[in-house]
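In my numbering, the protein residues as written are 3 to 315.
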């Protein structure tokens with residue numbers, strides 16, 4: 003197999019068109035935030051049950067383990083593509099040049115006891131991986147959704163038809179905005195951000211990093227802006243290791259280009275990961291969570307960010 007930016011490994015491109023392709027990654031790092039046993043359980047929740055197509059960025063040594071998980075139920079192997087071009091996110095084109103910056107800025111991270119250069123690299127590579135997948139489009143999808151591989155932590159997160167096609171179509175109907183998760187209520191000072199000439203970096207919990215997605219065109223826009231913003235952060239000597247700060251900056255600068263899941267308004271799980279049940283079908287969500295989500299109409303919990311801001315005026 004050739005290790006260039008377009009080579010793939012797994013079953014051939016599908017003739018079937020799917021609404022959404024899930025994009026994720028799994029690389030083992032020496033320093034991780036959680037135990038390997040925890041990751042294995044979360045990966046099982048995510049990979050074993052979902053039959054929607056997935057593109058997984060990983061390295062050769064992880065393929066047997068991941069393949070077993072995806073093969074656990076019938077027919078899922080045919081809906082999985084592994085991209086094995088990179089043995090580490092640090093080898094990905096936009097990330098290569100950032101390693102020295104990650105190392106130099108490590109002391110700036112207040113959570114550096116838990117974090118590492120490897121973690122910074124995969125956080126900052128998500129947009130690249132999502133954009134590359136949307137350009138390859140092996141499953142002929144309309145939409146592409148990055149999901150952190152370790153985010154299905156609740157043992158109830160055992161959805162099959164996820165994300166639900168009807169919910170995804172409702173979210174992206176007649177718009178070309180990028181979907182992000184909003185984990186904290188907005189304050190007016192945040193909504194004034196794009197008119198504030200000082201542009202102080204919003205380094206607080208607002209946009210989460212576990213989910214982002216949309217059409218190929220809006221993902222391309224986001225990716226270009228994301229890496230331009232990283233360059234701007236470096237020029238300002240701002241910390242680039244935590245992708246959420248960069249995502250905050252972009253979302254608040256271009257709120258009309260962003261839709262947000264109002265995760266803090268959902269009731270069925272930890273708001274960091276509640277996009278799991280929120281994007282499930284009504285039936286699967288009811289079976290696993292009952293009526294506790296408050297999400298019968300998904301568009302009550304997914305709003306354009308500029309409209310969320312307008313309500314604060």
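In this text, a Cβ means the ideal position worked out from N, Cα and C, and glycines have one as well.
Could you give the DSSP three-state label for residue i: helix, strand or coil?
i	result
residue 188	coil
residue 210	strand
residue 238	coil
residue 231	helix
residue 25	strand
residue 305	strand
residue 262	strand
residue 292	coil
residue 83	strand
residue 164	coil
residue 215	strand
residue 145	strand
residue 134	helix
residue 254	helix
residue 121	helix
residue 71	helix
residue 278	helix
residue 92	helix
Apart from the five residues on each side of it in sequence, which residues of its chain come closer than 7 angstroms, Cβ to Cβ, to residue i?
i	result
residue 173	181, 261, 300 and 304
residue 280	263, 268, 295, 297, 300 and 303
residue 282	161, 164 and 166
Quick one: residues in its chain with C-beta nearer than 6 angstroms to the C-beta of residue i, no 5 flanking neighbours on either side, listed in chain order?
i	result
residue 199	Interpretation of residue 199 is limited by its pLDDT of 48, a score under 50 that renders its predicted location unreliable; the figure taken from the coordinates is listed afterwards. The answer is none, since no qualifying residue turns up.
residue 88	94
residue 228	129
Can you check whether the CB of residue j is closer than 8 angstroms to the CB of residue i?
i	j	result
residue 225	residue 130	yes
residue 1	residue 212	Outside the displayed range of the chain (3 to 315) lies residue 1, so it cannot be described from this structure.
residue 110	residue 235	no
residue 121	residue 25	no
residue 188	residue 100	no
Taking 7 angstroms as the line, does the beta carbon of residue i fall inside it for any heavy atom of the ligand ADP?
i	result
residue 113	Questions concerning the ligand ADP fall outside what the structure shown contains, since it holds no ligand whatsoever.
Can you give the beta carbon distance from residue i to residue j, rounded, assuming they're within the 8 angstroms contact cut?
i	j	result
residue 22	residue 147	6 angstroms
residue 152	residue 41	6 angstroms
So, at 8 angstroms on beta carbons, what are the nonlocal neighbours of residue i in its own chain, with the 5 sequence-adjacent residues on each side left out?
i	result
residue 218	136, 137, 139 and 146
For the stretch 28 to 66, which segments carrying the beta strand (DSSP E) assignment without a break, of at least 3 residues, lie completely within its bounds, in sequence order? Whole beta strand (DSSP E) segments, 3+ residues: 56 to 59.
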